[in-house]
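There are 2 protein chains.
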Amino acid sequence: MNALSRNLYVCIMAGGKGERFWPLSRDGRPKQFLRIVGPHSMITETALRNRALVPPSRLLVVTTRAQARSVAHALPTIPRRNIIVEPCGRNTAPCIGLVSAMVARDNQDAVLAVVPADHVIDDTALYVQTIRDAAAMALREQALVTIGIEPQFPETGYGYIVAGRRIARRGPTKFSRVERFVEKPARARAEELIATGRALWNAGMFVFRVSDMLYSFWRYVPALHAALTRVLAAPKSLVPRMVADLYAHVHGISIDYAVMEKAKNVVVAHGPFRWDDVGSWSAVAGHWNRDGAGNVSRGEVAAVESSGCVVANECPGVVGLVGLEDVVVVRTRDALLVCPKSKAQDVKKLVQHLRNSRALRSYTQ
Amino acid sequence: MNALSRNLYVCIMAGGKGERFWPLSRDGRPKQFLRIVGPHSMITETALRNRALVPPSRLLVVTTRAQARSVAHALPTIPRRNIIVEPCGRNTAPCIGLVSAMVARDNQDAVLAVVPADHVIDDTALYVQTIRDAAAMALREQALVTIGIEPQFPETGYGYIVAGRRIARRGPTKFSRVERFVEKPARARAEELIATGRALWNAGMFVFRVSDMLYSFWRYVPALHAALTRVLAAPKSLVPRMVADLYAHVHGISIDYAVMEKAKNVVVAHGPFRWDDVGSWSAVAGHWNRDGAGNVSRGEVAAVESSGCVVANECPGVVGLVGLEDVVVVRTRDALLVCPKSKAQDVKKLVQHLRNSRALRSYTQ
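The following block contains the structure:
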């Protein structure tokens, strides 16, 4: 375990756009920089959650050029060289390949955990235990471990992992082979999946030896592997330009599709903690305190004969509701959002609408 | 007509509380001081509407002590002595009695039109013609004229006047005897009333010779008449104290109940103009411009897949709606209201709730 501890790295993927959290999120301030649940921004909460796993020197962040400064500001203790800038978003496969290659150059024996910056996990101790067990599994079985979450309800906004044969435990965490990955299902399909008792939510978190991941890239996405190899073989001063060139030519592709669905050594860990990707304003209802009528709110709010509402009042002043059900209200200094909870996913349509208006574009920035 | 012109007075009743227009209306700024329809506040719009009828010297306002300064500010051209202060609200009968007595002291032949400060009338020319014709009718027939409005739909928020026998016209306006007054009816009753073709909305506007009104007070509310007589017989310096004493002891009673429903010489004028008392935020929908989806708004608003909403954005910044139907949103600098259009009347409950909260009370002031 000592060797494992020394070789464990955590990489936070922080490239999100977060249009669905308008008006709190703006072009330069996506979801991971917002304080949605807990006292800190989501990326800071994520970094704090991983503090027990790795020292700052082995905590990396992949982000965009536009957000690099905000990342450094949010995570003042991690070294600047640990902030890896992607020239543009190309989904998770190029991102994970690049980080794996960079870590491998420093440490051939590294085990890397890759986690999104903008998810909520309620129980840090259980999370830490799961990642430790997954790392041990990855190390001893040369497995690519993906983290699945015991589903609470038939959510249609998540992908699912159908677990196959149970395999030996490592520590308290359960592990299974993966029977198949399922993309975001329709409602009826989600209910079927839950009913099988073998489906897990795909949390988009992965734990693997970097050498195993690079082998899988070589095997399943050889062109990308070759490009990564060229980048890493180049003198350090040339790396940014070569990364830019790589990203200019590579197609966006997810790590699930590029590698995990094909590799034979994929294992799913049954994450026992509560997890939520908080995909929209309506999702915060599960994390804030409720009043007697099932409203959740932050800031000065007066609700009369209203129920099931989500109110984020983010600036001085009062929000008054009368006779309202299941509506989201978000009030910031210069903007206001009102929409039914069931339409919270469509806030991105509003952001598009604002972007397309010369007069209103500034409210997306 | 010349004698009529010289003897015509208009009194604007401006005592409203206007809780239903929170957060734009506050304790010191009720509905009549708000800009709801048109470029000016409702009381200023009302004064402008009456400019063609009377000079400023014959335009009076009855208001509360708290609002007297705001009235003077809103109506800078009328003499300060024309602003009559009621010590407290006692409904319309004491108010109309007091003004009638005060006008009668100056001019025994006066014809007085009493109109609320906070109603919307779309066609000023038709309104002016109706008041002129009503004044002629009052003068020649010694009638107490009440203004009825041809109803557009079975509104349950208004009282109704059932017209009886048609009587001779004066000018282009139709007049009828009054069969009876009907208080705010339930929906089914309102539909029946409309179906008769003889029901008019009670607009709360009256035109009469002050001597006729005072005779009716003497006949039907003699105690109030006696008190008014004492007040007006006193030296001017004592009037305010005597008015205070009168209001401290008199019961609140409406002019309809105290006089109009009893007097034999009551006549209703069929007002042909569009009229609305704009009783709540949902009522402004009839007066502002609609977008293609039936939303009405003021200020910077972006509505996506939304319809039938009423949005008043009263300060810099944007209001964004997504997937919302028939909701009222009012955004001011320090407060926000969100409620279904069907619950717009209940905004006063929210104001009560705020008043009862030590932390939030300031938002009603």
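Chains as they are written, first to last, in this note's numbering: chain E, 24 to 388; chain W, 24 to 388. Where a beta carbon is used, it is the ideal one built from N, C-alpha and C, also for glycine.
By Cβ distance below 6 Å, which residues in the same chain neighbour residue i in space, the five residues on each side in sequence not counted?
i	result
residue 110 of chain E	267, 270
residue 343 of chain W	325
residue 98 of chain E	70
residue 323 of chain E	336, 341
residue 115 of chain E	277, 278
residue 317 of chain W	330, 331
residue 133 of chain W	30, 32, 126, 233
residue 455 of chain E	Examination of residue 455 of chain E is not possible in this model, given that chain E is present from 24 through 388 alone.
residue 158 of chain E	27, 31, 134, 230
Report the neighbours of residue i on chain W: residues whose CB is nearer than 7 Å to its CB, in chain order.
i	result
residue 57 of chain E	Residues of chain W passing the Cβ test: none, with the nearest at roughly 17 Å.
residue 373 of chain E	325, 327, 343, 345
residue 366 of chain E	345, 346
Quick one: measure Cβ to Cβ for residue i and residue j, integer angstroms, because I've assumed they're closer than 8 Å.
i	j	result
residue 307 of chain E	residue 59 of chain E	6 Å
residue 42 of chain W	residue 301 of chain W	Wrong, their Cβ atoms sit about 14 Å apart, outside the cutoff.
residue 136 of chain E	residue 262 of chain E	The Cβ separation is near 23 Å, so there is no contact.
residue 284 of chain E	residue 223 of chain E	At roughly 15 Å, the Cβ-Cβ gap does not stay under 8 Å, so residue 284 of chain E and residue 223 of chain E are not in contact.
residue 168 of chain E	residue 160 of chain E	6 Å
residue 123 of chain W	residue 237 of chain W	6 Å
residue 364 of chain W	residue 352 of chain W	Wrong, their Cβ atoms sit about 10 Å apart, outside the cutoff.
residue 182 of chain W	residue 205 of chain W	6 Å
residue 347 of chain E	residue 46 of chain E	That pair is no contact at about 19 Å.
residue 327 of chain E	residue 373 of chain W	5 Å
With burial defined as no fewer than 16 other Cβ atoms inside 10 Å of the residue's Cβ, what is the status of residue i: buried or exposed?
i	result
residue 68 of chain E	buried
residue 329 of chain W	buried
residue 314 of chain W	exposed
residue 377 of chain E	buried
residue 225 of chain E	buried
residue 389 of chain E	Lying before the first or after the last residue shown, residue 389 of chain E is absent from chain E, which here runs from 24 to 388.
residue 93 of chain E	buried
residue 382 of chain W	exposed
residue 209 of chain E	exposed
residue 253 of chain W	exposed
residue 385 of chain E	exposed
residue 366 of chain E	buried
residue 163 of chain W	exposed
residue 299 of chain E	buried
residue 120 of chain E	buried
residue 258 of chain W	exposed
residue 260 of chain W	exposed
Report all residues from its chain with a CB closer than 8 Å to the CB of residue i; omit the five preceding and five following residues, and keep chain order.
i	result
residue 165 of chain E	232, 235, 288
residue 153 of chain W	170, 196, 292, 294, 295, 296
residue 214 of chain E	177
residue 272 of chain E	250
residue 128 of chain W	255
Once the 5 residues before and after residue i are set aside, which same chain residues still bring their CB inside 7 Å of it?
i	result
residue 105 of chain E	82, 83, 84
residue 188 of chain W	199, 200
residue 203 of chain E	185
residue 37 of chain E	55, 66, 84, 85, 86, 90, 94, 140
residue 176 of chain E	none
residue 24 of chain W	Confidence at residue 24 of chain W is low in this model, with a pLDDT of 49, below 50, so the placement of that residue is unreliable and no value is reported for it.
residue 338 of chain E	354, 355, 356
residue 44 of chain E	54, 57, 304
Starting from the beta carbon of residue i, find every residue of chain W whose beta carbon is closer than 8 Å, and list them in chain order.
i	result
residue 352 of chain E	359, 361
residue 383 of chain E	323, 325, 341
So which residues of chain E does residue i contact, with C-beta pairs closer than 7 Å?
i	result
residue 185 of chain W	The contacting residues do not exist; residue 185 of chain W stays about 33 Å from chain E at best.
residue 386 of chain W	341
Residue i touches chain E at which residues, Cβ-Cβ below 8 Å?
i	result
residue 47 of chain W	Result: empty, since nearest Cβ-Cβ is about 12 Å, beyond 8 Å.
residue 377 of chain W	325, 341, 343
By the criterion of Cβ-Cβ separation under 9 Å, what are the contact partners of residue i in chain E?
i	result
residue 369 of chain W	327, 328, 345, 346
residue 339 of chain W	357
At a Cβ threshold of 8 Å, is residue i touching chain B?
i	result
residue 84 of chain E	No chain B appears in this structure, whose protein chains are E and W.
**OP:** Please go through the segment 136-203 of chain W and give each complete alpha helix (DSSP H) segment of 4 or more residues, from N-terminal end onward.
**Re:** 147-164
Original post:
Fully enclosed by the segment 239-319 of chain E, which beta strand (DSSP E) runs are 3 residues long or longer?
Top reply: For the segment 239-319 of chain E, whole beta strand (DSSP E) runs of length 3 or above, ordered along the chain, are 289-294.
**OP:** Report the residue ranges of all alpha helix (DSSP H) runs contained in full by the segment 58-101 of chain E; include only those spanning at least 4 residues, in chain order.
**Re:** Listed in chain order, the alpha helix (DSSP H) runs fully inside the segment 58-101 of chain E are 65-72, 88-97, counting runs of at least 4 residues.
Subject >> Ranges of the beta strand (DSSP E) found wholly within the segment 103-136 of chain E, counting only runs of at least 3 >> reply: Those beta strand (DSSP E) runs which fall completely within the segment 103-136 of chain E and span 3+ residues are 106-109.
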